[in-house]
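Have a look at the structure below before the remarks.
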Amino acid sequence: MPAPAPSSPRPRVLYVTDLAYEARGRRYCDEDVFLTSRLRAWFDIALCHPLDAVALMDGFDLVVVRNSGPVLNYQAAYDCFRAEAVRRGTRVHNRLTGKGDMAGKQYLLDLTAAGYPVIPTVDRAADVGRLPAVDEYAVKPKLGADSIGLEFVDRERLAGIADGEVLVQPRIHFAYEVSFYFVDDAFQYALYAPDPARRWDLEPYEATAADLAFARRFVEWNGTDHGIQRVDACRTPEGGLLLVELEDLNPYLSLDLLPAATRDAFVDALAASLRRAL
1 MPAPAPSSPR PRVLYVTDLA YEARGRRYCD EDVFLTSRLR AWFDIALCHP LDAVALMDGF
61 DLVVVRNSGP VLNYQAAYDC FRAEAVRRGT RVHNRLTGKG DMAGKQYLLD LTAAGYPVIP
121 TVDRAADVGR LPAVDEYAVK PKLGADSIGL EFVDRERLAG IADGEVLVQP RIHFAYEVSF
181 YFVDDAFQYA LYAPDPARRW DLEPYEATAA DLAFARRFVE WNGTDHGIQR VDACRTPEGG
241 LLLVELEDLN PYLSLDLLPA ATRDAFVDAL AASLRRAL
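If you use UniProt numbering, the sequence shown corresponds to residues 1 to 278, in order.
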């Protein structure tokens with residue numbers, strides 16, 4: 001009898017992560033070890049550091065950018081990766097069309113100007129008058145991440161700081177922060193930090209229909225058809241939600257805090273999204 005025909009090769013995935021990155025209150029490496037161990041059911045996977053992605057990516061069908069750490073730590077290499085991925089037609093997940101943190105913090109200014117429910121944000125001293133009058137203002141770099149460069153100042157100091165290179169926001173004493181996690185445009189789960197002083201002490205959160213409508217506005221605005229997005233928001237003293245960040249580059253997922261069934265469902269959703277991206 002003739003030998004059976006060889007089976008189709010499995011898709012090859014280059015999984016970009018910095019396993020040595022130390023984040024406050026989180027272990028990025030554990031999350032990526034877990035995810036890659038599960039995704040191997042569908043894909044042949046190799047892990048690499050973000051600084052090695054350009055040299056390796058031609059040997060793979062898809063590049064997945066996950067817990068690669070703040071781009072600020074390797075900005076030139078990341079810019080090169082984006083340019084080369086576009087030039088070579090490399091499939092990247094998340095797709096490199098994101099308008100949120102993937103492109104810097106300009107989106108906070110754009111969403112403020114468009115009237116979206118976001119913490120009011122300006123970048124120049126001449127526009128500070130558009131912000132609410134509060135005791136303190138948060139100032140952070142436009143290309144910042146993970147609270148790098150964040151400081152709180154009074155209004156008098158803003159004239160010498162707001163030069164177009166930083167973002168200025170009123171410091172809001174919110175009730176709690178909550179994050180909504182999406183794969184492509186499908187909601188997966190929500191987590192919140194009951195204590196505002198302990199951002200990464202997270203617990204499961206039962207999102208209401210109004211909460212999801214809020215989060216979906218930003219997912220729809222972003223228009224990312226293949227990728228993971230985390231919509232971070234704060235609950236104001238008045239009871240509403242305001243966007244804090246739209247993380248569409250490499251959002252940490254806090255998978256270790258989820259019930260097993262929710263975690264399994266997320267893995268299945270991500271695998272399906274990767275297959276669609278291929």
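Just so you know, even glycine gets a beta-carbon here, dropped at the ideal spot from N, CA and C.
Backbone secondary structure at residue i - three-state DSSP
i, result
"S254", "coil"
"A3", "At A3, the pLDDT of 44 sits below 50, so the modelled position is not reliable and the matter cannot be decided from this model."
"A162", "coil"
"R263", "helix"
"A85", "helix"
"P117", "coil"
"E156", "helix"
"E177", "strand"
"E151", "strand"
"D52", "helix"
"R124", "strand"
"A186", "strand"
"R26", "strand"
"A20", "coil"
Beta-carbon gap between residue i and residue j smaller than 7 angstroms
i, j, result
"R95", "G223", "no"
"V92", "V63", "yes"
"Q188", "F81", "no"
"L14", "A46", "yes"
"A215", "F180", "yes"
"T17", "N73", "no"
"E220", "D232", "no"
"S254", "D184", "no"
"R171", "V134", "yes"
"M102", "L249", "yes"
"residue 281", "A193", "Examination of residue 281 is not possible in this model, given that the chain is present from 1 through 278 alone."
"L158", "V128", "yes"
"G164", "R130", "no"
"L278", "D32", "no"
Proximity test, residue i beta-carbon vs the ligand SAH heavy atom, cut-off 6 angstroms
i, result
"Y28", "Because no ligand of any kind appears in the structure shown, any question about the ligand SAH cannot be addressed here."
Alpha-carbon spacing of residue i relative to residue j, whole angstroms
i, j, result
"Y205", "K99", "26 angstroms"
"V139", "R12", "42 angstroms"
"R24", "V86", "33 angstroms"
"I161", "D52", "36 angstroms"
"R38", "L258", "15 angstroms"
"A261", "P237", "33 angstroms"
"V122", "Q169", "7 angstroms"
"A5", "L19", "Residue placement at A5 cannot be trusted, given a pLDDT of 47 that sits under 50; what the coordinates show is reported in the next sentence. Answer to the nearest angstrom: the Cα atoms are 39 angstroms apart."
"residue 285", "A271", "Lying before the first or after the last residue shown, residue 285 is absent from the chain, which here runs from 1 to 278."
"D268", "R275", "11 angstroms"
"D256", "R27", "10 angstroms"
"E151", "R230", "24 angstroms"
"F43", "F34", "14 angstroms"
"T208", "G104", "29 angstroms"
"Y21", "L243", "26 angstroms"
"L109", "C48", "34 angstroms"
"P132", "G115", "15 angstroms"
"P141", "A197", "22 angstroms"
"C234", "D211", "11 angstroms"
Bridge partner(s) assigned by DSSP for residue i
i, result
"L62", "V13"
"V71", "For V71, which the question treats as bridged, DSSP gives no partner whatsoever."
"E247", "R230"
"A46", "L14"
"S78", "Here residue 78 is Tyr; the residue named in the question, Ser, does not match the sequence. Y78 pairs with nothing; no bridge assigned."
At 4 residues or longer, what runs of the alpha helix (DSSP H) sit wholly inside the stretch 189-245? 209-222
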